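Written out below as structure tokens is the structure these notes cover.
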Ligand SMILES: *Cc1c(COP(=O)(O)O)cnc(C)c1O
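In the working numbering, the protein residues as written are 3 to 404.
Spelled out as structure tokens, the structure:
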């Protein structure tokens, strides 16, 4: 396996700190550790390859840990948020309201009121939201900034998680946008942009390239009748990371080179409009690990089970219950035994009383002992905040940015 983290004498180290020392720092297992240097390296790599005028946003829902959001605030150009509390987190970093986009199909009146009062860009996902926002602007004596979230009229193939193309709860169908634009015009709101989000966790460069080009076409068409070009077009992201055996990493060079190709024509047609990419897991997913400890081992009818103090209450995605159709293992290893040759095949499970609580099925491992550290890689996104922490009442996982 290609280990992204430094290893010292057979012990995995994150941010230069070995896993046992990290456990001491956390005070106990389980914990998530995120490596700042790995996050920085990812952002730098993207900046080097992307055209210079692309705005890079962080999608907070991927990992809303406060320290990560603050860390990224000085490295990205803006944030995408999907609730009022994520919006508050973004504003607390000192990010400008104009650099924050607020999306979500079910925004409540109270959330929208806070969003209008804060001056962030509200990504409208329905006519109802437009009417609410306009009324709140009047009530607050402010002119709300709005963008239209478009449910694209194109399908993308091979994307991990499709979020557009057919019928969807997200955005406004592209066919309905011209009518909505007339409504926007009739209200006292400022139209600042468009938002297209076609999918997530895509490892296939050609699919992303095609989706971006189709997004550029669609927005250019929708914007033709506007008096001024929109300030930005948020094209989503969709950049995936490899989780499972056989996954090939995204060919980022192909995607960024294609952007250098189509961007000049886009700028010719919509002068002054900036392209925003909103990335979540691609920025932080590979920079994090989840660490739990073997607290028991037992044999059962020919199989060996390693029982840990962790589980799906901390890391639902690794258990296979966060949207996966077929359960596959996240990369997992014994973090303190990297130099020991595999000797047996084990099932690593969590401590919850449910058969759903699995960490890795049938993996080759050195003969595991009670006290060994089980490390799950690719755990920097959709981990702690995407897990049912209260289920069974065990302690929450610690988080550290190192
Ligand atoms: C979830 C989400 C993202 C982030 O997706 P990743 O796969 O983590 O990059 C970006 N934009 C919107 C609108 C989202 O809902």
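Built from N, CA and C at the ideal position, the CB exists for glycine as well.
Given the structure is predicted, the values throughout are model-derived calculations rather than measurements.
In the structure shown, residue 334 adopts extended strand secondary structure according to DSSP, grouped into three states.
Only residues of its own chain outside the window of five on either side were considered, and among them 394 have a CB closer than 8 Å to the CB of residue 355, listed in chain order. In the assembly as shown, residue 87 is an exposed residue. Its beta-carbon has fewer than 16 other beta-carbons within 10 Å. Beyond the five residues adjoining it in sequence on each side, residue 192 comes within less than 6 Å, by CB distance, of 145 and 147 in the same chain, given in chain order. With respect to residue 196, residue 238 sits apart: the two C-beta atoms are not nearer than 8 Å.
In this structure, the straight-line span from the alpha carbon of residue 291 to that of residue 229 is close to 49 Å.
One thing to note: residue 38 has its Cβ no nearer than 8 Å to the Cβ of residue 285.
Restricting attention to 180, 185, 179 and 259, the CA atom closest to the CA of residue 208 is found in 259. DSSP places residue 265 in the uninterrupted alpha helix (DSSP H) bounded by 254-271. Non-local beta-carbon contacts of residue 251 in its own chain, meaning distances under 8 Å to residues more than five positions away in sequence, involve 205, 243 and 244 in chain order. Boundaries of the alpha helix (DSSP H) harbouring residue 180: 179-188, taken from the DSSP string. The three-state reading of DSSP puts residue 148 in strand, counting E and B together. With a cut-off of 7 Å, the C-beta of residue 10 is classified as distant from ligand 1, since no heavy atom of the ligand falls inside that distance. When C-beta atoms of the segment 385-402 are compared with those of the segment 310-320, three or more pairs fall below 8 Å, so the two segments count as touching.
The straight-line gap separating the alpha-carbon atoms of residue 99 and residue 337 is approximately 42 Å. Ranked by Cα distance from residue 112, the options 178, 103 and 131 are led by 131.
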